[in-house]
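Peer 1: Residue numbers (my numbering), protein chains in the order written: chain A, 16 to 127; chain B, 2 to 112. Every residue, glycine too, gets a C-beta built ideally from N, C-alpha and C. My questions will all concern the structure given below.
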């Protein structure tokens with residue numbers, strides 16, 4: 016039972032490049048989330064998917080897009096990376112509202 | 002908008018002492034309050050949570066208390082051990098899919 020799996024673990028991008036972060040969960044959870052973690056700012060929600068087929072914006076959606084490919088997979092895309100998007104990105108899932116998260120191991124992204 | 006404030010940002014205690022981390026939330030509709038522990042370079046992990054219909058919850062050496070009137074909730078760790086050293090995050094959810102996190106408390110337990 017792998018839980019939540021994220022790839023890649025590390026990535027360096029040049030300003031303006033694009034990339035997709037992949038996330039998959041094997042816990043049959045309905046809801047999936049993308050957070051970014053910056054020093055001194057906790058975790059901030061980028062986008063979430065309450066259930067398969069739906070996606071919604073979180074606190075900091077600008078510069079990102081998401082796709083809920085199926086119940087297991089939820090990807091995050093940066094179309095034109097900017098240095099302000101340098102961060103650690105965590106994918107998470109849960110069984111629904113008012114439930115704790117299971118987090119992936121994170122992706123450390125640096126944009127130069 | 003919704004906000005969760007967490008204090009202190011850094012906490013250093015001697016092994017065996019207690020540690021207390023406090024959070025306040027702004028959204029009075031918040032009804033679910035999880036706490037996460039994040040060790041260096043690792044993912045956050047849920048360690049305990051409390052719902053608004055409960056005032057206190059304990060799990061071995063950790064406990065959470067909630068004061069809905071004051072919109073405060075706290076994490077208490079007793080008999081601290083070196084392996085308790087980590088960053089702890091409080092969070093609040095108002096029943097939807099958006100959970101707001103505090104900025105984190107870095108706990109050092111000195112042996």
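Exposed or buried, residue 107 (chain A), counting other C-beta atoms within 10 Å across all chains shown (16 or more means buried)?
Peer 2: Buried.
Peer 1: Nearest by alpha-carbon distance to residue 66 (chain A): which of A:121, A:30, A:72, A:111 is it?
Peer 2: Taking only the C-alpha atoms, the option nearest residue 66 (chain A) is A:111.
Peer 1: Which ranges would you report for the beta strand (DSSP E) in the segment 26–92 of chain A if only whole runs of at least 3 residues count?
Peer 2: List check, beta strand (DSSP E) in window: 34–40, 46–52, 58–64, 79–83.
Peer 1: What does DSSP give as the partner residues of residue 22 (chain B) in its beta bridges?
Peer 2: Paired residues: B:76.
Peer 1: Kindly confirm or deny that the segment 80–92 of chain B and the segment 32–41 of chain B touch, where touching means at least three C-beta pairs closer than 8 Å.
Peer 2: The answer is yes - the segment 32–41 of chain B touches the segment 80–92 of chain B, with three or more Cβ pairs under 8 Å.
Peer 1: How many Å lie between residue 64 (chain A) and residue 71 (chain A) at the Cα?
Peer 2: Straight-line Cα distance between these residues: approximately 6 Å.
Peer 1: Do residue 34 (chain A) and residue 84 (chain A) have their beta-carbon atoms positioned less than 8 Å apart in this structure?
Peer 2: Not a contact, by the Cβ cut-off of 8 Å.
Peer 1: Using only CA atoms, which one of B:4, B:97, B:10 lies nearest to residue 55 (chain A)?
Peer 2: For residue 55 (chain A), the nearest C-alpha among the options comes from B:10.
Peer 1: What does residue 118 (chain A) pair with, by DSSP beta-bridge criteria?
Peer 2: Answer is A:107.
Peer 1: Looking only at C-alpha atoms, which of A:43, A:75, A:68, A:53 sits nearest to residue 62 (chain A)?
Peer 2: Nearest of A:43, A:75, A:68, A:53 to residue 62 (chain A), Cα basis: A:75.
Peer 1: Find the residues of chain B that neighbour residue 63 (chain A), judging by a C-beta separation of less than 7 Å, and give them in chain order.
Peer 2: Correct list: 98.
Peer 1: Throw me the rounded Cβ distance for the residue 93 (chain B) and residue 28 (chain B) pair, which I believe falls under 8 Å.
Peer 2: Sure, about 7 Å apart at Cβ, within 8 Å.
Peer 1: With respect to the beta strand (DSSP E) encompassing residue 127 (chain A), which residues constitute its N-terminal and C-terminal limits?
Peer 2: Run containing residue 127 (chain A): none; DSSP gives neither H nor E here.
Peer 1: Going along the chain, which residues of the segment 82–113 of chain A sit with their C-beta nearer than 7 Å to a C-beta in chain B?
Peer 2: Correct list: 105, 112, 113.
Peer 1: How is residue 112 (chain A) classed by DSSP in three states: helix, strand or coil?
Peer 2: Three-state result, residue 112 (chain A): coil.
Peer 1: Quick one: any contact between the segment 95–104 of chain B and the segment 65–84 of chain B, if contact means 3 or more CB pairs under 8 Å?
Peer 2: Counting Cβ pairs under 8 Å, fewer than three are found: no touch.
Peer 1: Name the one or two DSSP bridge partners that residue 49 (chain B) has.
Peer 2: Answer is B:36.
Peer 1: Taking any Cβ of chain B, which residues in the segment 34–45 of chain A have a Cβ under 7 Å from it, in chain order?
Peer 2: From the segment 34–45 of chain A, no residue has a Cβ closer than 7 Å to chain B.
Peer 1: To the nearest angstrom, report how far apart residue 112 (chain B) and residue 88 (chain A) are at their CA atoms.
Peer 2: Whole-angstrom Cα-Cα distance: 43 Å.
Peer 1: Could one say the Cβ of residue 58 (chain A) lies closer than 8 Å to chain C's Cβ atoms, at least one of them?
Peer 2: Looking for chain C here will not work: the only protein chains present are A and B.
Peer 1: Keeping to the same chain, check which residues put their C-beta closer than 6 Å to that of residue 1 (chain B); ignore five residues upstream and five downstream.
Peer 2: Any question about residue 1 (chain B) goes unanswered here, given that chain B covers just 2 to 112.
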